[in-house]
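Remarks on the structure that follows.
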Amino acid sequence: MAEQEKKVIEKLLGIEDFYELAVRVSDTDLMDVVHSNIYITYFDEGFISFASKLNKDCGALHKEGIVFPVRKVEIEYINSATFGDTVLIHTRVLQVGNTSITLSMDCYKNTKSNDTLLVKGRIVRLIMDLKTNRLIKITDFFKDIL
Amino acid sequence: MKTYHNFMSETDEKVKKKLLDIRDSTTLKVRVDDTDLMQVVHFKNYLMYFDQGFVSFMDGITQGVSKCVEQGIVFPVKRIEIIYENSAKFGDTVLIETQVKEIGKKSITFLHDLYRVSDKALLAKVESVRLAMNWNTKQLLNIIEFFAEYL
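Residue numbers (the working numbering), protein chains in the order written: chain P, 714 to 859; chain B, 275 to 425.
Encoded structure:
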């Protein structure tokens with residue numbers, strides 16, 4: 714592996730992002746809690762914030778045909794949130810593959826602590842160029858973070 | 275030495291076997307608002323699809339999920355794992371096949387396979403762990419006892 718690639722991976726593994734959002738009324742279900750599926754939309758928000766921290770504007774990239782498809786999701790539900798709460802999404806890079814990146818996306822109610830952990834999330838994303846339908850190498854895509 | 279299995283009654287074993295033998299399938303049509311800017315179904319909506327698989331499974335053997343909810347019994351999700359293989363588009367019909375993988379004391383693990391009907395392409399494989407809970411007392415129900423009433 715080229716020296717530069719190793720450096721990009723090392724840098725990515727050290728990056729973490731916190732993004733806070735308010736629970737919307739429409740996020741809750743008949744059990745009066747945020748529906749289990751909704752956390753996935755929170756992960757999207759967290760990812761967009763994480764990417765912007767690395768100077769990647771997901772909206773502008775989409776217009777150029779660069780998208781971030783999801784390959785795998787794992788969620789463990791620990792606690793529940795409801796309308797009136799805020800959700801703090803803590804994003805970290807767990808693994809950098811050739812064409813996939815694995816992120817840990819843990820969500821907390823209001824503040825980060827063991828007691829307020831809502832869900833433990835793990836998501837594998839790819840980066841794809843829709844113009845060519847090809848996957849982009851992760852370290853190439855993020856090479857400008859050095 | 276007696277094992278846990280010796281304590282499990284014959285009826286419990288029968289309920290368990292019946293549950294494990296059930297194969298449910300249901301279909302739904304992709305709606306415009308299921309899709310996203312990539313022209314495909316947003317990955318969140320596959321969760322909604324297998325929720326539908328769960329509802330269909332339950333409606334087939336119990337009085338129906340909505341009746342359960344009316345009586346204060348809900349089915350929270352404890353854990354999910356999804357692998358995405360292909361993507362569905364507006365106009366597709368999605369087939370959801372549901373079966374039980376494992377029955378614990380307080381949890382039940384479902385397997386859902388999602389297919390595109392037109393070419394039988396596998397869209398996603400899902401494993402989900404659910405609980406059954408009495409919403410009023412917030413107590414978890416024993417899974418076998420809950421289903422024994424219906425099977």
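For each residue, glycine too, the CB sits at the ideal point set by N, CA and C.
What are the partner residues of L734/P, as DSSP defines its beta bridges? DSSP, once it has assigned bridges, lists V800/P as partnering L734/P.
Return no unless some Cβ of chain B is closer than 8 Å to the Cβ of K844/P. no
Once the 5 residues before and after L294/B are set aside, which same chain residues still bring their CB inside 6 Å of it? Excluding the 5 residues flanking it on each side, L294/B has same chain C-beta neighbours closer than 6 Å at V374, in chain order.
Measure the Cβ-Cβ separation of S330/B and T300/B and say whether it is below 8 Å. yes
Since T285/B is in the alpha helix (DSSP H), which residue starts that stretch and which ends it? Per DSSP, T285/B belongs to the alpha helix (DSSP H) from 284-295.
Interface flag, R737/P vs chain B, CB-CB below 8 Å: Chain B contact via Cβ: absent.
Within 8 Å of any Cβ in chain P, is that where the Cβ of I357/B sits? Taking Cβ atoms only, chain P reaches closer than 8 Å to I357/B, which makes this a yes.
Minimum Cβ-Cβ distance from M322/B to chain P less than 8 Å: yes
Is it buried or exposed for K776/P, if we count other Cβ within 10 angstroms and need 16 for buried? exposed
Interface partners of E789/P on chain B, CB under 8 Å: K352, R353
Mind checking which residues open and close the alpha helix (DSSP H) that includes L321/B? Unbroken alpha helix (DSSP H) run through L321/B: 319-335.
Does the contact criterion of 3 or more C-beta pairs under 8 Å hold for the segment 303-323 of chain B versus the segment 718-729 of chain P? The answer is no - the segment 718-729 of chain P does not touch the segment 303-323 of chain B, with fewer than three Cβ pairs under 8 Å.
Can you check DSSP and say which residues form a bridge with C820/P? I802/P, V832/P
Who are the Cβ neighbours of V868/P in its own chain at under 6 Å, not counting the five residues just before and after it? Absent from the model: residue 868/P. The displayed extent of chain P is 714 to 859, so no value can be given.
Within 10 Å of its beta-carbon, does V736/P have 16 or more other beta-carbons around it, so buried, or fewer, so exposed? buried
Span separating the alpha-carbon of K276/B from that of K412/B: Because K276/B carries a pLDDT of 48, less than 50, the predicted location of this residue cannot be relied on, and the following value inherits that uncertainty. If you take the alpha carbons of K276/B and K412/B, they lie about 32 Å apart.
Buried versus exposed, by CB contacts within 10 Å (16 or more), R404/B: buried
Return the residue from the list I858/P, L839/P, F796/P that minimises the CA-CA distance to G810/P. Ranked by how close their Cα comes to the Cα of G810/P, the residues I858/P, L839/P, F796/P have L839/P in first place.
May I ask you to list, following chain order, the residues of the segment 774-789 of chain P that have a beta carbon less than 8 Å from some beta carbon of chain B? Taking a C-beta cut-off of 8 Å against chain B, the contacting residues of the segment 774-789 of chain P are H775, V780, P782, V783, R784, K785, V786, E787, I788, E789, listed in chain order.
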